[in-house]
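Visitor:
This is how it looks when you write it as structure tokens:
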């Protein structure tokens with residue numbers, strides 16, 4: 025049993041699904057399943073009941089969860105204090121879910137490469153949760169996809185992005201050259217959870233144009249969104265960065281219409297009272313290098 029086992033267990037307990045935990049931890053679902061199985065074998069208990077395609081934590085699991093949170097917190101405190109001996113600084117970087125899935129790993133690798141004495145910690149959630157953590161000083165800086173409304177936070181557009189409307193290669197829209205807004209009214213959609221910047225941008229646009237959409241799936245996991253599009257014939261609106269490979273491979277189809285391109289920015293956000301030290305400057309510089317990327321031009 026290791027700290028890694030406990031981190032995975034905590035994430036599964038918090039999310040309720042192994043697939044979501046795997047996405048948040050940037051590991052495969054089989055790896056998550058194996059870690060939980062090894063914990064159950066180690067302690068000879070059942071930690072989760074598998075009912076109706078969702079995990080329900082057992083009384084034994086709840087007891088372990090309480091201990092695990094304390095152990096992981098103590099370990100993180102130990103790491104922070106010992107790293108400080110060697111002048112290694114920690115920086116707590118937040119990212120929204122889209123950013124976490126398509127950019128954050130490269131950003132953190134580049135930060136480590138440029139600044140060996142800077143130790144990044146990453147936290148991923150939707151825009152509203154990231155905003156709260158910045159306000160509570162639980163994060164130093166974040167890269168978000170949604171709009172920031174609190175006046176205590178500084179928000180700087182940094183990375184160009186846009187949403188695209190996609191369907192599967194087998195969907196009826198995949199054979200059409202163009203689709204109108206009215207055509208979308210009777211279609212099944214997969215949507216991000218409430219609090220997501222991606223969802224708000226699309227919903228606001230549709231409401232402004234008087235079009236109601238029919239949500240059949242709702243999830244905070246981009247992988248699940250893509251599965252709903254590919255396997256269940258839903259329409260989805262996602263960052264073009266998230267569906268690059270599926271479009272290249274012909275698995276997904278971008279529905280064409282001059283109006284169906286919702287431009288936006290991923291924005292750097294930090295508290296107005298935050299001191300911009302060298303670590304913060306390093307992170308901001310790395311993020312800014314992504315500004316000129318235009319994926320759709322590469323695809324077509």
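Residue numbers (this note's numbering): 25 to 324.
Cβ coordinates follow ideal geometry from the N, Cα and C atoms, glycine included.
Let me know if residue 195 comes out buried or exposed under the rule of 16 or more other beta-carbons within 10 Å of its beta-carbon.
Guide: With 16 or more Cβ atoms within 10 Å of its Cβ, residue 195 is classed as buried.
Visitor: Taking just the CA atoms, how far does residue 88 sit from residue 210?
Guide: About 47 Å.
Visitor: Less than 6 Å between C-beta atoms, sequence neighbours within five positions excluded: which residues of the same chain meet that for residue 287?
Guide: The answer, listed in chain order, is 186.
Visitor: Just checking, does the stretch 72-91 make contact with the stretch 261-278 on the three C-beta pairs under 8 Å criterion?
Guide: Touching, no, given that fewer than three Cβ pairs across the two stretches are closer than 8 Å.
Visitor: May I ask which residues mark the beginning and end of the alpha helix (DSSP H) holding residue 126?
Guide: Per DSSP, residue 126 belongs to the alpha helix (DSSP H) from 121-126.
Visitor: Quick one: give me the first and last residue of the beta strand (DSSP E) that residue 246 is part of.
Guide: Taken as a continuous stretch (DSSP letters only), residue 246 belongs to no beta strand (DSSP E), being part of the alpha helix (DSSP H) at 246-256.
Visitor: For residue 301, is the classification buried or exposed, using 16 other Cβ atoms within 10 angstroms of its Cβ as the cut-off for buried?
Guide: Counting Cβ neighbours within 10 Å, residue 301 comes out exposed, since fewer than 16 surround it.
Visitor: Within the chosen definition, does the stretch 36-48 reach the stretch 56-63 through at least 3 CB pairs nearer than 8 Å?
Guide: Yes: the two stretches touch, three or more of their Cβ pairs being nearer than 8 Å.
Visitor: So, with DSSP's three-state summary, where would you put residue 197?
Guide: Helix at residue 197.
Visitor: Take every Cβ of the stretch 111-125, pair it with every Cβ of the stretch 165-173, and state whether three or more of those distances are shorter than 8 Å.
Guide: The answer is yes - the stretch 165-173 touches the stretch 111-125, with three or more Cβ pairs under 8 Å.
Visitor: Would you list the one or two residues that DSSP bridges to residue 26?
Guide: The partner list for residue 26 (beta bridge, DSSP) is empty, contrary to what the question assumes.
Visitor: DSSP three-state call for residue 169: helix, strand or coil?
Guide: Residue state, collapsed to three classes: coil.
Visitor: What residue ranges within the stretch 265-292 form continuous beta strand (DSSP E) runs of no fewer than 3 residues, ordered along the chain?
Guide: The qualifying runs are 276-278.
Visitor: So what does residue 146 bridge to, in DSSP terms?
Guide: DSSP, once it has assigned bridges, lists 117 as partnering residue 146.
Visitor: Considering Cα atoms alone, identify which of 229, 113, 139, 78 is closest to residue 38.
Guide: Comparing Cα-Cα distances from residue 38 to each of 229, 113, 139, 78, the minimum goes to 78.
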